[in-house]
Amino acid sequence: MSNKRGQITIFLIFGFVILTAFLFLFYLNNQVKDIREKVETQMTLSDLTIPIKSYVDLCLRSTKGVFYEAFHTVYLHNKKNVMPDIATIENEISEYVNENLDFCIKDFEDFKSQGYEIESSEFSTVASINRNNVAFSLDFPISLRKGGKSATMGKFFVEVPSRLDLIYNTAKNLTDDQLNHLDKICVSCLIGFGDSNDLYFELLPGETNLTLIMAEDNKTKLNNEPYIFIFAFNHSSN
């Protein structure tokens, strides 16, 4: 009798072990399935958003380039250094991108022609001039749909290699130095500042009492061309 009870107990324990193992495998299989579905969903969303992100990033880069090439301002006027500070230039770049990014985005027409359904809200750009780069943070809420899949986007960030910070500080030093000899341009100073910072300076023809100074940076390329920065000294006293 005791042998039968022992056998029954062994069978019960063995059955419990099998049931426990089965339940564990069932749970593990469901967990793996859930993880796989989440990964597949993330991959699907990435496949859907990557082309849009690349397109917006490219527009950010190309739009800022137009601003750089068009940026001219007076740094010396009425015997005073009237240079804008870095924050002012950052705000001007941000405003320029905000006003002109749409011309590149073009309401995502190319993507809509490929079957994308895209809705976007107003965007806002913040530019930051850093050492060796200019960073752009863009808030741009976008919802997209294609082939039964949907996704949302909102934040974009790009860093563009640039020595604008160095050029700005060099221009500031030149302007401060110019205050010591207002009647003439110190050409040797331009050469010295240029050599010490790997920059090339050139005087450009301008209006009477106005000297245009071009800073050319061959280390930073813009559309495969040297980066050009132009500022001016106004020698008039009024």
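Residue 2 is where the sequence shown starts when you use our numbering, and the numbers rise one by one after that.
Glycine included, every Cβ here is placed at the ideal spot set by N, Cα and C.
Range covered by the beta strand (DSSP E) that runs through residue i
i      : result
Tyr117 : It is not in any beta strand (DSSP E) - Tyr117 carries neither H nor E in the DSSP assignment.
Phe124 : Here Phe124 belongs to no beta strand (DSSP E), and DSSP marks it neither H nor E.
Pro227 : Glu226 to Asn235
Val135 : Asn134 to Lys147
Thr212 : Leu211 to Leu223
Val159 : Lys150 to Pro162
Leu204 : Tyr201 to Leu205
Status (buried if at least 16 other CB within 10 Å, exposed otherwise) for residue i
i      : result
Asp140 : exposed
Leu191 : buried
Ala88  : exposed
Gln179 : buried
Thr209 : exposed
Arg132 : exposed
Leu59  : exposed
Leu77  : buried
Leu165 : buried
Leu183 : exposed
Lys222 : exposed
Residues near residue i in its chain [Cβ-Cβ closer than 6 Å; skip 5 each side]
i      : result
Met154 : Thr50 and Ile143
Leu205 : Leu213 and Met215
Phe158 : Ser138
Ser95  : Thr126, Val127 and Ala128
Ser237 : Asn210
Tyr56  : none
Ala152 : Leu46, Leu49, Thr50 and Leu145
Ile268 : An answer regarding residue 268 cannot be provided, because it is not within the stretch 2 to 239 covered by the chain.
Gly207 : Leu213
Ala136 : Ser129 and Glu160
Ser121 : Ile143
Ile106 : Cys60
Contact set for residue i: own chain, Cβ-Cβ below 8 Å, skip 5 residues either direction
i      : result
Glu203 : Ile214, Met215 and Glu217
Pro52  : Phe112
Span of the alpha helix (DSSP H), counted from its first residue to its last, around residue i
i      : result
Lys185 : Per DSSP, Lys185 belongs to no alpha helix (DSSP H) and is neither H nor E.
Lys107 : Taken as a continuous stretch (DSSP letters only), Lys107 belongs to no alpha helix (DSSP H), as it is neither H nor E.
Asp177 : Leu165 to Gln179
Beta-carbon separation (whole angstroms), residue i vs residue j, contact threshold 8 Å
i      : j      : result
Asn235 : Pro227 : That belief does not hold up - the Cβ atoms of Asn235 and Pro227 are roughly 26 Å apart, past 8 Å.
Asn99  : Thr126 : 5 Å
Asn134 : Ser163 : 6 Å
Glu91  : Ile130 : 6 Å
Cβ-based neighbour list, residue i, same chain, cut-off 7 Å, excluding 5 preceding and 5 following
i      : result
Ile119 : Phe109, Phe112, Lys113, Ile143 and Leu145
Does the stretch 167 to 184 come into contact with the stretch 75 to 84, if we say contact requires no fewer than three beta-carbon pairs (one atom in each stretch) closer than 8 Å? Between the stretch 167 to 184 and the stretch 75 to 84 there are three or more inter-stretch CB-CB distances shorter than 8 Å, so the stretches are counted as touching.
Counting pairs of Cβ atoms below 8 Å between the stretch 195 to 203 and the stretch 142 to 151, do you hit three or more? Contact between the stretch 195 to 203 and the stretch 142 to 151 is absent: fewer than three C-beta pairs spanning the two stretches fall below 8 Å.
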